[in-house]
Amino acid sequence: MDKKTSVFAYGEDHLTAGKALKLARGTLKGILTDTARTKVRASAQIVAEIVEKGAPVYGINTGFGPLCTTRISAKDTETLQVNILKSHSVGVGRSIDPEIARLMLILKLHALAKGYSGIQEATLDRILWHIENEITPRVPSQGSVGASGDLAPLAHLFLPLIGLGEVHFKGKRLPAAAVLEEHGVSGISLGPKEGLALINGTQFIAAHAVMVLEKMHACLSQADIIGAMMIEGLQGSVRPFHKKLHEVRPYKGNLHVAERVRRLLKGSEILEDHVNCERVQDPYSLRCIPQVHGASRNAWLHLKELLDIELNAITDNPVIFEADLAISGGNFHGQPLAMALDYACIAASEIGNISDRRIYLALEGNNTDLPQLLMKDTGLNSGYMILQYTSAALASENKSMCHPASADSIPTSMGQEDHVSMGSISGRKALRVIKNVEKILAIELLTAAQAFEFRKPLQSGWFLEQVHQLVRTRVSFATEDRVFATDIEEGIQLIRNKALIRLLDSVSEKQKVSLRTPLYDVFETF
100 MDKKTSVFAY GEDHLTAGKA LKLARGTLKG ILTDTARTKV RASAQIVAEI VEKGAPVYGI
160 NTGFGPLCTT RISAKDTETL QVNILKSHSV GVGRSIDPEI ARLMLILKLH ALAKGYSGIQ
220 EATLDRILWH IENEITPRVP SQGSVGASGD LAPLAHLFLP LIGLGEVHFK GKRLPAAAVL
280 EEHGVSGISL GPKEGLALIN GTQFIAAHAV MVLEKMHACL SQADIIGAMM IEGLQGSVRP
340 FHKKLHEVRP YKGNLHVAER VRRLLKGSEI LEDHVNCERV QDPYSLRCIP QVHGASRNAW
400 LHLKELLDIE LNAITDNPVI FEADLAISGG NFHGQPLAMA LDYACIAASE IGNISDRRIY
460 LALEGNNTDL PQLLMKDTGL NSGYMILQYT SAALASENKS MCHPASADSI PTSMGQEDHV
520 SMGSISGRKA LRVIKNVEKI LAIELLTAAQ AFEFRKPLQS GWFLEQVHQL VRTRVSFATE
580 DRVFATDIEE GIQLIRNKAL IRLLDSVSEK QKVSLRTPLY DVFETF
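Position one of the sequence shown corresponds to residue 100 (our numbering), numbered consecutively onward.
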């Protein structure tokens with residue numbers, strides 16, 4: 100995550116996923132500068148002139164979608180904008196996480212503040228007020244097809260502007276009108292085009308993509324660490340990670356992962372102990388960690404690069420450039436992110452898939468003096484056998500969600516929107532897969548730590564010894580069966596809290612031994 104900026108200027112500064120998360124979590128302050136306000140007022144004035152002249156411009160003095168040829172009188176333009184928020188609030192299903200809704204507000208405010216949307220300055224101030232006071236609109240998770248933007252979710256997001264809908268406030272879900280009244284404010288009046296500017300855009304998809312980027316990054320980084328621990332536990336070879344091997348097939352992700360694993364294993368007595376063993380090569384789940392983890396890293400990087408563009412783009416419609424140039428186009432179409440999110444979904448699933456294979460491998464009791472099921476007294480005890488049932492179930496469930504949502508399109512809006520992206524589904528689905536991957540990695544972490552223990556008194560390198568000690572502060576070595584669900588939950592919390600990443604950052608600083616590769620900024624910052 101980017102740590103350089105203390106204040107962010109909406110509409111002017113370059114927004115990244117990391118900055119968006121810091122804005123959502125209150126560790127970065129967002130402001131509207133005089134420069135942004137000037138651009139916004141100028142754009143709103145252009146819209147006012149269009150209304151006054153009466154020349155037809157989509158969504159300003161015409162109906163929406165298939166009603167684009169229906170003219171709306173100047174006196175009815177405000178009613179038109181209020182009606183679009185009401186009529187498009189058709190979302191169903193569970194509410195999205197309030198943090199994702201806050202991200203939506205932040206992303207939309209940044210786009211509107213660029214001055215291409217014809218929105219009123221007062222409307223931007225109200226959106227900023229919601230962000231700063233942590234009064235977060237409730238947004239249903241289902242109902243967007245990701246084409247004219249995320250119409251339904253964005254309509255729900257902005258209902259509170261006109262005193263309707265619900266909000267999350269102080270841990271409660273409340274009617275927006277009651278919370279506004281409590282704060283001594285009332286709903287605002289929408290000007291021409293404002294309703295359309297608010298609901299056209301890809302902020303639902305993009306906000307999910309921000310969360311995917313962060314959570315997938317944590318999984319990828321911790322998968323490298325856990326995979327290295329499993330290499331130690333199973334006495335795998337470090338030769339498949341040799342620099343020269345990857346320089347002749349130099350995918351960025353592969354190079355980065357191979358270098359990280361080499362550094363994680365540096366100084367290992369365990370590796371030295373079996374350097375002359377007779378085993379020619381390891382199974383793919385160990386040997387091909389750079390190729391598989393690296394491919395998923397490349398998919399993550401693709402999403403990062405596209406999201407960086409999307410977060411700073413204008414995705415509403417029409418786009419107001421100048422008095423005689425208001426273009427009704429298709430910047431709201433979610434296809435660029437929809438496809439990248441589907442790619443990321445598959446890439447995340449594969450991290451869970453190979454992790455499950457390593458878990459299974461550790462239970463086999465191979466030629467490395469590991470007992471079957473990672474427990475010496477089996478028969479009476481089942482050992483780690485059934486933990487792999489859970490990882491297998493999660494890996495299979497993920498595979499069922501890997502069908503790309505962006506490969507589907509159902510015409511909507513009476514054929515006016517005859518190709519849609521389904522990017523909202525891509526984003527939601529990718530997050531579900533990643534949450535399952537977190538659980539699989541937690542099981543592999545416990546399994547690797549158990550296998551690691553059988554290598555004592557031999558020591559691994561600084562990094563992995565510290566990781567093993569961290570796990571042992573939460574989960575003890577298992578000599579007999581117990582309720583392993585409790586252990587798994589502890590592991591999940593370690594993964595979700597990024598505990599392994601934070602620990603190794605600390606170890607790196609203390610030991611003056613860095614895990615930074617030449618591609619660190621590419622893959623470890625966003």
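In this text, a Cβ means the ideal position worked out from N, Cα and C, and glycines have one as well.
Computed from a predicted structure; not experimentally measured.
- The beta carbon of ALA447 sits closer than 6 angstroms to the beta carbons of MET315, VAL532, ILE533, VAL536 from its chain, once the five residues preceding and following it are set aside; these are given in chain order.
- Looking at the DSSP output, PHE622 sits in no beta bridge, so it has no partner there.
- Look at LEU424 here: in three-state DSSP terms it is strand.
- Just so you know, the alpha carbons of TYR619 and LEU122 end up roughly 24 angstroms apart.
- Segment contact: the stretch 126 to 136 against the stretch 420 to 427, fewer than three CB-CB distances shorter than 8 angstroms; contact not assigned.
- Annotation for HIS187: LEU250, ALA251, ALA254, ILE298 place their beta carbon closer than 7 angstroms to its own, counting only its chain and skipping 5 residues before and after.
- Spatial neighbours of ASP507 in its own chain (CB-CB distance under 6 angstroms, excluding positions within 5 residues in sequence) are listed in chain order as MET521.
- Judged by beta-carbon spacing, LEU385 lies within the 9 angstroms limit of MET329, meaning their Cβ atoms are closer than that value.
- Per DSSP, reduced to three states, the secondary structure at ARG348 is coil, with no helix or strand assignment.
- Taking the CA atoms as reference points, LEU204 sits about 7 angstroms from ILE230.
- Of the candidates HIS432, MET500, LEU469, SER495, MET500 places its Cα closest to the Cα of TYR442.
- Boundaries for PHE562: no beta strand (DSSP E) harbours it, while the alpha helix (DSSP H) harbouring it runs 561 to 573, taken from the DSSP string.
- Listed in chain order, the non-local C-beta contacts of ASP476 below 8 angstroms within the same chain comprise THR578, GLU579, local neighbours out to five positions each way being set aside.
- Contact between GLY110 and ALA141 is absent: CB atoms are separated by about 12 angstroms, not below the 8 angstroms threshold.
- Under DSSP, LYS271 takes part in a beta bridge, and its partners are PHE268.
- LEU406 places its beta carbon less than 9 angstroms from that of ALA308.
- In its chain, beyond the 5 residues on either side, GLU368, ILE369, ASP372 have a beta carbon closer than 6 angstroms to the beta carbon of LEU557.
- Taking 9 angstroms as the cut-off, the beta carbon of ASP455 is found no closer than this to the beta carbon of ALA425.
- Each residue's CA atom was taken as its position, placing ALA200 and ILE445 some 25 angstroms apart.
- GLY248 carries a strand assignment under DSSP once its states are collapsed to helix, strand and coil.
- Note on the stretch 413 to 474: whole beta strand (DSSP E) runs with a minimum of 3 residues are 418 to 421, 424 to 426, in chain order.
- Here the alpha carbons of GLU331 and GLY482 stand approximately 20 angstroms from one another.
- Counting C-beta pairs closer than 8 angstroms gives fewer than three between the stretch 589 to 598 and the stretch 391 to 401, which falls short of the contact rule.
- Counting the other Cβ atoms within 10 Å of the Cβ of LYS292 gives 16 or more, which makes it buried.
- SER605: member of the alpha helix (DSSP H) spanning 598 to 610, first to last residue.
- The C-alpha of PRO236 lies about 15 angstroms from the C-alpha of GLU280.
- The alpha helix (DSSP H) runs lying completely inside the stretch 114 to 141 and spanning 4 residues or more are 116 to 123, given in chain order.
- As DSSP reads the structure, ALA108 sits in a beta bridge with ILE130.
- Residue state for SER505 is assigned as helix, using DSSP reduced to three classes.
- Residue environment for GLU151: exposed (fewer than 16 other C-beta atoms within 10 angstroms of its C-beta).
- Residue nearest to ARG601 within the set ILE388, THR616, GLN565, GLU409 is GLN565 (criterion: CA-CA distance).
- Taking the Cα positions, GLU463 is about 22 angstroms away from GLU449.
- If you ignore the 5 residues before and after HIS345, its C-beta comes within less than 7 angstroms of the C-beta of ASN353, LEU354, ALA357, PRO389, all in its own chain and listed in chain order.
- For GLN321, the uninterrupted alpha helix (DSSP H) segment begins and ends at 302 to 332.
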